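Notes follow once the structure below has been shown.
Numbering (my numbering), first residue to last: 2 to 408.
Here it is as structure tokens:
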């Protein structure tokens with residue numbers, strides 16, 4: 002496999018490793034046999050990817066006879082009932098490796114399944130004991146560390162494959178819980194730009210804007226010590242924004258797609274640095290339960306949040322503008338709209354770029370009506386990232402000001 006690039010995703014973490022340069026079936030087959038020495042592989046595959054492409058068949062053919070179990074399709078938001086079904090099947094076939102083929106909810110499922118296997122969890126009550134509550138970082142010695150490794154072959158830019166944290170939804174309460182005790186990041190992330198051409202633009206581009214949001218809110222934070230997060234965010238923007246614009250123009254621009262995939266690693270490195278984010282994330286979390294994708298929340302909220310914060314972090318916003326004006330695809334689009342470095346603030350520039358990607362720019366476009374604004378505002382005040390916004394959001398009226406700008 003002479004053309005493979007195989008390295009750690011982050012210089013300061015053992016996991017995950019990333020691999021790119023070789024088609025994903027061969028890469029998976031090589032590492033299953035040689036890196037993990039696994040003989041009983043359980044695959045969790047995207048339903049749409051399986052229905053519309055030969056991706057799963059190619060993976061099974063490459064791994065045969067090591068495939069011990071298969072799950073095709075899961076509901077969004079990683080429901081516990083389905084996690085437990087997969088855990089039962091993994092137990093039954095004594096799985097020693099899990100591979101996910103598809104987007105973020107499958108990645109979350111695999112991380113929770115591995116945790117469930119290590120802790121003999123077979124019921125919702127068991128998962129309730131394992132979830133991390135509001136304190137994700139306290140010591141929980143009673144929880145055994147997950148041991149079955151996970152390999153991810155992602156098809157979007159959501160980035161969950163670069164962290165240990167997983168989210169899963171309780172079927173009875175519909176509350177999404179975080180699992181951060183005992184979970185591991187995936188052991189390997191296999192990046193295959195050609196595979197991502199099968200991903201609908203809506204998901205590819207919106208999850209990419211989410212990664213852009215990670216970078217922008219890191220740079221725009223007023224934190225005195227950004228712990229290296231600012232540098233990672235800058236590198237992420239330089240890869241993501243041109244890459245997204247190019248892949249919108251030409252779905253088969255594999256280099257642009259690959260740059261987006263690498264940009265997500267930078268964005269997640271910024272998140273990992275621990276810089277506290279702002280209201281685009283904080284308010285956005287409240288839109289998920291209303292059926293709005295994380296990426297779409299960033300498309301709608303990020304420009305408005307930048308506009309709201311501009312009076313206190315204009316210096317930081319100017320840093321982002323300087324990065325964006327340094328990217329040729331960005332310059333061409335902005336100049337065509339009559340914008341220049343001296344007559345457009347960050348909010349206006351982001352608005353133009355997100356519209357250029359064809360992404361939603363209002364709550365109305367994603368089916369969230371005026372009648373929901375009050376509830377969203379109240380719930381947002383409970384989110385820590387609203388409190389760490391450059392202008393802390395402590396009153397409902399502040400959140401409503403932002404929401405009304407994106408009705």
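Yeah, the Cβ is synthetic: ideal placement off N, Cα and C, and Gly gets one too. Source: prediction; values computed, not measured.
Contact check between the segment 228-247 and the segment 212-219: three or more CB pairs, one atom from each, fall below 8 Å, which counts as touching. Residue burial annotation: residue 138 is exposed, with fewer than 16 other C-beta atoms found within 10 angstroms of its C-beta.
Between residue 32 and the set 61, 152, 72 and 132, the nearest pair of CA atoms involves 152. In the three-state reduction of the DSSP assignment, residue 216 falls in the helix class.
Inter-residue distance for residue 9 and residue 160 is about 15 Å (C-alpha atoms, whole angstroms). Between residue 307 and residue 248, the C-beta spacing is not below 8 Å.
Exclusion of the five residues before and after residue 276 leaves 219, 222, 224, 227 and 230 as the residues of its chain whose Cβ lies within less than 6 Å of its Cβ. Between the alpha carbons of residue 102 and residue 240 lies a gap of roughly 24 Å. Scanning 115, 179 and 155 for the CA closest to the CA of residue 136 turns up 179. DSSP, read as helix, strand or coil, puts residue 337 in helix.
By the 16-neighbour rule on beta-carbons within 10 angstroms, residue 371 is exposed. Boundaries of the beta strand (DSSP E) harbouring residue 177: 177-180, taken from the DSSP string. When 36, 266, 378 and 244 are compared, the shortest CA-CA separation from residue 12 is found for 266.
By the 16-neighbour rule on beta-carbons within 10 angstroms, residue 165 is buried. About 6 Å separates the beta carbons of residue 147 and residue 184, which is inside the 8 Å limit, making them a contact pair. The segment 127-134 makes no contact with the segment 51-62, as fewer than three CB pairs between them are under 8 Å.
With respect to the 8 Å criterion, residue 206 and residue 358 are classified as neighbours on the basis of their beta carbons. Residue 105 is not a Cβ neighbour of residue 91, given a cutoff of 8 Å.
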